[in-house]
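Trainee: Below is a structure I'd like to ask you about.
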Amino acid sequence: DVVLTWLGKQDATAYKIYRSTNPEFTNSTQIGTFTPNGSSSTFTDLGVSQNADKYFYFVTWVN
136 DVVLTWLGKQ DATAYKIYRS TNPEFTNSTQ IGTFTPNGSS STFTDLGVSQ
186 NADKYFYFVT WVN
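Each residue of the sequence shown is one higher than the one before, counting from 136 in my numbering.
Shown next as structure tokens:
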């Protein structure tokens, strides 16, 4: 599993998490939507081996 942690945005109502094998995020896949709980946010990408392919992540917020 891969655990992502970031500082939350105060007025965010949700976050969308994306994963790609390409650092330019071409062909990225939305892997989850996360509802924040407090000022810090954590999302776990279940089932991803840390020894497998190199993955790149980005998070967007929704208000």
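Note that beta-carbon positions come from the ideal geometry of N, C-alpha and C, so glycine has one too. The structure presented is a predicted model; accordingly, all values stated were derived computationally and were not measured.
#1: Give the single residue among Ala149, Asp136, Leu139 whose Cα lies nearest to the Cα of Thr195.
#2: Per DSSP, which residues does Ser174 bridge with? Please list them.
#3: Looking only at C-alpha atoms, which of Trp141, Asp136, Val137 sits nearest to Gly173?
#4: Applying the criterion that 16 or more other CB atoms from any shown protein chain within 10 Å of the CB defines a buried residue, is Ser184 buried or exposed?
#5: So for Leu181, helix, strand or coil by DSSP?
Mentor: The short version:
#1: Your numbering for residue 195 matches position 60 in the sequence shown. Looking at the Cα atoms, Ala149 is the closest of the given residues.
#2: Counting from one through the sequence shown, the residue named residue 174 turns up at place 39. Beta-bridge pairing links Ser174 to no other residue.
#3: The sequence position of residue 173 within the sequence shown is 38, counting from 1. Ranking Trp141, Asp136, Val137 by Cα distance to Gly173 puts Trp141 first.
#4: On the sequence shown, position 49 is the one that residue 184 refers to. Burial call: exposed.
#5: Mapped onto the sequence shown, residue 181 falls at position 46. Looking at Leu181 - three-state DSSP - the assignment turns out to be coil, as it is neither helix nor strand.
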